[in-house]
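Chemist: Below you will find the structure I want to go over with you.
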Amino acid sequence: MPDEDEENAVVTQLYGEPFDSGFARAEEHQLAADPRAACAVYEELLTVAESIEDSPDVRFLRAHLLSDIASVRLTATDLVGAEEAVERSRGLLIGVESVPMGPRGRQLWLEVLLKTLFARADLLRRTGRLDEALGCLDEAAVRLPEFDDPEGLRTSELSLNRVHLLMERGEWGAAEEQASALLSTLPETAVETAPRLLTALGLICASTGRFDLAEDHFARAEDGFRAMGNTGELQSLVAHRAYAAMHRGELDLAERLFAEASAVFERQGQFGDLAVCEQARGFLAGRRGDTTDADDLLGASLARFERLGASIAAADTMLLGAQHAYDRGDIEEMKRLAHEAREVYQAREVYERCAQVDLMLAKILEHNLDLTHHGDHETESIGTALSLALPAALALEAARYDFVTARARSQWLELADDAMRLVFRLAVRRQDQGLLFELVEHRCAGASLALDRTPPSATRTPPSEPAGSAETVFPSAAMKAYGHVEGPMTLGGVAAEAAASAGLRVAPPPKVRMSPDSGRAALQEYIAAAEFRYHRRIVSEEEAPFWVTDDLTSRPVVQVRLADAGDLFMTWTWAGGARGFGTGRGPGDEVDQAVGALAAALPGAGGGTDGIRRAFESGAMADHRTEHRLARVLAEALWPEGLTAQIRQVSARAGRPLLRIQPSPRVAQVPWELLAVDDDVRLIDLADVVTTAPVSLRRRDPGARPTPHADTDADAVVLVLDPRVPGFRADSSLGSVLGPPGSDPELLSFVRSRLDTGAVAPSVATPAEAFRRTDLDRDWLSGVLRKGARRLMYVGHVSGAPVEGGQSEDGTLHLCCGPGTDGLAEPIRTHRPLSAKDLLLGTLPLCADGEPGARIWPAPSRVALIGCESGGDLRFAESFGLATAMIHNGAELVTATRWVLPTSFAFHRLAGLPESVRPLSEAIIAVDTAHEHRDPVHRLGQWQREQLNHWRADGRIEHSPLLWAAMTCIVV
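In numbering that gives the first Met the number 0, the protein residues as written are 0 to 971.
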């Protein structure tokens, strides 16, 4: 074997001629995407090597050639030939391991062994033997420390293989996290690994609905492959882009690209890739109604996969064939193909594919119920469909917990929602009020915040494709998913730290206990079935009662929860001296129209000053008559008359009830107080209204609040009033919201009253000193909150996160923090905002000994956040914005706003109000007064009723609901 004394030979002349030039020629063929020619060269060289007298050196040469042959055959998807070559290579390499060799010879041996192990892992992955593939990568990891890899190229190659394995399992969240972390730490010399990582990220994003980001990754990968001159990978990108186009719904483009890729793969003899393209083209043919072409293409794909030994891919084609059989009315063939595919998936532990089959069968049962009359058997048929659909839908929905960012999770949910809409339709069809109730309760429980640095360990087998309808049942031909793994695979070192800080992690919701007597949990039998069938955690070990009255039982209370599932579904339950429950449903189209009318009336719809001007000039809330019509439209679309009748009955017998509403994201901006439930009788006329957050936010350890310092006044009120944002003038976008300090006598009087009644932070000598301060940064806020306080009032700028981004934790407060302040939000000019993500995660992502946000900024029991859309958290699928962050950190009640607030200056300038009238100041004082009251919800509601009465009486703009109806109290 090559020795350390032959350094020059190792580098430039490994084996002599004809081998050295042959290796170079074969590599050229590979780069030119000609695997047949490359394989022919290697096989010719192997024939020569086998004719040479046997020795350890010759056996190593043969192993090297066989390793390269295996790699080329994998490229050509000759899986049988690749397996024969890789096993022979590995056997020869192990056979010469004990032969004496110098350090350089040992390094060359290790390099070929690692290459062989990577090829073997790739082969095992493609043929569905994922546990064996993982073992092979683990074997490579054991060998890797001995290999001289100063630039980390083989280390990154190992990590890339692990990413591919996660993708094969369908663990998109973990795969994306590790790929992103690896990409951020790749050395510049890893020119081959980087574009492959980008390709993987593109496929992950395409599979989870993020198509623009997928194309960005593909474009960067294309640049990398082009720079390398790698024609084969460039051609493969055509198929990947076809895959993305198909999932994006651009079917004509997908058809054209798949046809182009098919021609290339057939010409090059890459029959496995060709079978994937034929599978996709068969699906597309079925979508356009060409049954003959679809059957021909799927038949060809199935035959190729079976010849290659790719049983899982063959089962995927069977699943598509089952759908086409149903479309043409061949029920027996549909059943045969579906059950054969499921048997393969079950045997290979491909649980997400089992879920896909179950969802497809449930969808077909629903379709059949629409077409035929089942008579006495209809209830049984619906029950069968639900037993298939609901566990599978739960598993699909729970797959989002693998993703490290809320944006990725929200876009995954868009794919998963189709399956859950099927479940709700079936429950409605069966008229099963109990099931509908439990479905809403489970969906409203909310994800739990996970503050640990690694993903929660769980058995994970996420479905890789939503399968709620014929339109979406397509088994991800570009990325197969084949098995399961106990717990997450992890990266180490810098990559692990980068991954840990990438986003806000969440875990499954708690179990929702439906009855203290029976101990029943919502959907318990369906959850048990999902966890058993698909090996995925659906709920956490934590348990939360669906109804908590705490100290609210002194008067009647009704808890209302809403869930989006195509239509809008509602549940309600009475407590506190009243008993009863009910369910309601609002047709999706009517709900969307009503919510759209509301959005058009709000200041934020047009953006900035223009949006506020439009709201004043032509918005529905600027005039009492148009506002009343809007309130009627909202009530008719969103509110059941039966619940109004119950509220009237309870009110007449036991006094004004408390109405606790947990809205769904679609209706989170609805001012429920305004709903005209009967002529001009508004909901707030009948009840006090409070907004509730998901039960997953409930503080499980009330004693965890930091103990106040013995030498401080824990009864202080913390006032953060219009802090000066560094780098922004008073008249700029982040300038003053209250005007010059001392210019508003009502606000000065309000501060004076606080100074007269107790301790105030910051300490000030005169009321005017409390405004436009420059020293109220996050460190100061942490200090005063750690000392203990009974209240916090913030009045200033809030920047809400875009709902389409899915990340409520990106909402920010604007304090006096400079750009050098440590934090998780990006600086704006010379200022770093304080984000909800900061409040939740604290410094955990920033340093090894970091603290969670609840310890750095412990919230007092009552918090007011008076700024633009400070309570927009509930518009997101995951509520982790500013208001709910305060609740997570210990607040029992947070008063926040549903939409953009017009300032008093805006009323003066855009609505022509006299400067002596200051609506925002009045609102601030009303919130402060409410927070000093023993029942802040009732007190704030009383002020809102006063404003409503003024609005009815005179219709003056200062009494418009544009301002006062934006305010809501949020509790858990």
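Ideal placement from N, C-alpha and C gives every residue a C-beta, glycine not left out.
So, with DSSP's three-state summary, where would you put Y242?
Modeler: Residue state, collapsed to three classes: helix.
Chemist: DSSP state of I827, grouped into three classes?
Modeler: I827 falls in the strand class under three-state DSSP.
Chemist: Take the Cβ of T378 as the centre, count every other Cβ of all protein chains shown within 10 Å, and call the residue buried at 16 or more, exposed below.
Modeler: Classification of T378: exposed, given that the 10 Å Cβ count is below 16.
Chemist: How is the alpha helix (DSSP H) around G607 delimited, first residue to last?
Modeler: Residues 607-616.
Chemist: Between the segment 420-437 and the segment 830-838, can you find at least three pairs of beta-carbon atoms closer than 8 Å?
Modeler: Contact between the segment 830-838 and the segment 420-437 is absent, because fewer than three Cβ pairs lie under 8 Å.
Chemist: Where DSSP assigns a beta bridge to L791, which residues make up the other side?
Modeler: BP columns for L791 point to V717, V862.
Chemist: Mapping DSSP to helix, strand and coil, what is P461?
Modeler: Caution applies to P461, whose pLDDT of 35 falls short of 50 and renders its modelled position unreliable; the value that the coordinates give is listed next. Here P461 sits in coil by DSSP.
Chemist: Does any residue of chain D bring its CB to less than 8 Å from the CB of T371?
Modeler: Note that chain D does not occur in the displayed structure, where there is just one protein chain.
Chemist: Measuring CA to CA, which of V71, V47, A863 is closest to D33?
Modeler: Answer by Cα proximity: V71.
Chemist: By the three-class DSSP mapping on this structure, what secondary structure does E542 have?
Modeler: Three-state DSSP puts E542 in a strand.
Chemist: For R772, does the count of other Cβ atoms within 10 angstroms reach 16, so buried, or fall short, so exposed?
Modeler: With 16 or more other Cβ atoms within 10 Å, it is buried.
Chemist: Taking only runs of the beta strand (DSSP E) that begin and end inside the segment 734-800, which ones reach a length of at least 3 residues, in chain order?
Modeler: Fully enclosed beta strand (DSSP E) runs of 3 or longer: 790-794.
Chemist: Counting pairs of Cβ atoms below 8 Å between the segment 674-691 and the segment 755-768, do you hit three or more?
Modeler: The segment 674-691 vs the segment 755-768: no contact.
Chemist: Check S959 in the structure and name its three-state DSSP category.
Modeler: Looking at S959 - three-state DSSP - the assignment turns out to be coil, as it is neither helix nor strand.
Chemist: Per DSSP, what kind of secondary structure is S310 in: helix, strand or coil?
Modeler: Looking at S310 - three-state DSSP - the assignment turns out to be helix.
Chemist: Tell me where the alpha helix (DSSP H) around G104 begins and ends.
Modeler: Counting along the chain, the alpha helix (DSSP H) containing G104 begins and ends at 102-125.
Chemist: Excluding sequence positions up to five away, which residues of its chain have a Cβ less than 7 Å from the Cβ of R61?
Modeler: Counting only Cβ-Cβ distances below 7 Å, and skipping sequence neighbours, we find L45, A48, E49, L91.
Chemist: Of all the options L123, G819, R504, which has the alpha carbon lying nearest to the alpha carbon of E83?
Modeler: For the residues L123, G819, R504, the minimum Cα distance to E83 belongs to L123.
Chemist: S617: buried (16+ other C-beta within 10 angstroms of its C-beta) or exposed?
Modeler: The residue is exposed, with fewer than 16 neighbouring Cβ atoms inside 10 Å.
Chemist: Applying the 10 Å Cβ sphere with the 16-neighbour rule, what's the burial state of S920?
Modeler: The residue in question, S920, is buried, as its Cβ has 16 or more Cβ neighbours within 10 Å.
Chemist: Could you pull out every residue in the same chain whose Cβ sits closer than 6 Å to the Cβ of A75, ignoring the five residues on either side in sequence?
Modeler: P34, G268, Q269, listed in sequence order.
Chemist: Report yes if the C-beta distance between F875 and V802 is below 8 Å; otherwise report no.
Modeler: Yes, the pair counts as a contact, with Cβ atoms nearer than the cut-off.
Chemist: Along the alpha helix (DSSP H) that carries L597, what are the first and last residues, could you check?
Modeler: Element bounds for L597: 587-600.
Chemist: Nearest to D809 by alpha carbon, out of R560, D774, E850, A882?
Modeler: The shortest C-alpha separation from D809 is found at A882.
Chemist: Suppose you measure from the CA of V974 to the CA of R535; what does that come to, to the nearest Å?
Modeler: Residue 974 cannot be examined here, being either before or after the span of the chain that is shown, 0 to 971.
Chemist: Could you name the residues of the same chain whose beta carbon sits closer than 7 Å to that of A449, not counting the 5 residues immediately before and after it, in chain order?
Modeler: Correct list, in chain order: P455, R504, V505, A506.
Chemist: Along the chain, where does the beta strand (DSSP E) that runs through R512 open and close?
Modeler: Residues 510-512.
Chemist: Since S447 sits in a beta bridge, which residues does DSSP pair it with?
Modeler: S447 pairs with A506.
Chemist: Going straight from the alpha carbon of G940 to that of V162, what length do you get?
Modeler: Answer to the nearest angstrom: the Cα atoms are 54 Å apart.
Chemist: Taking the beta carbon of G271 as the centre, do at least 16 other beta carbons fall within 10 Å, making it buried, or is it exposed?
Modeler: G271 is buried by the Cβ-count criterion.
Chemist: Please tell me whether L250 and V237 are closer than 8 Å, where the distance is taken between their beta carbons.
Modeler: Not closer than 8 Å, so no.
Chemist: So, with DSSP's three-state summary, where would you put T572?
Modeler: The answer is strand: DSSP assigns T572 an E or B state.
Chemist: Can you round the beta-carbon distance between E589 and A636 to whole angstroms, since I take them to be within the 8 Å contact cut?
Modeler: E589 to A636, Cβ: 4 Å. Contact.
Chemist: Grab me the residues of I827's own chain with a C-beta within less than 8 Å of its C-beta, minus the 5 sequence neighbours each way, in chain order.
Modeler: Around I827: G726, L733.
Chemist: According to DSSP, is D19 helix, strand or coil?
Modeler: It is helical.
Chemist: Would you report the Cα separation of G852 and A651, rounded to the nearest angstrom?
Modeler: Cα to Cα, the separation comes out at about 45 Å.
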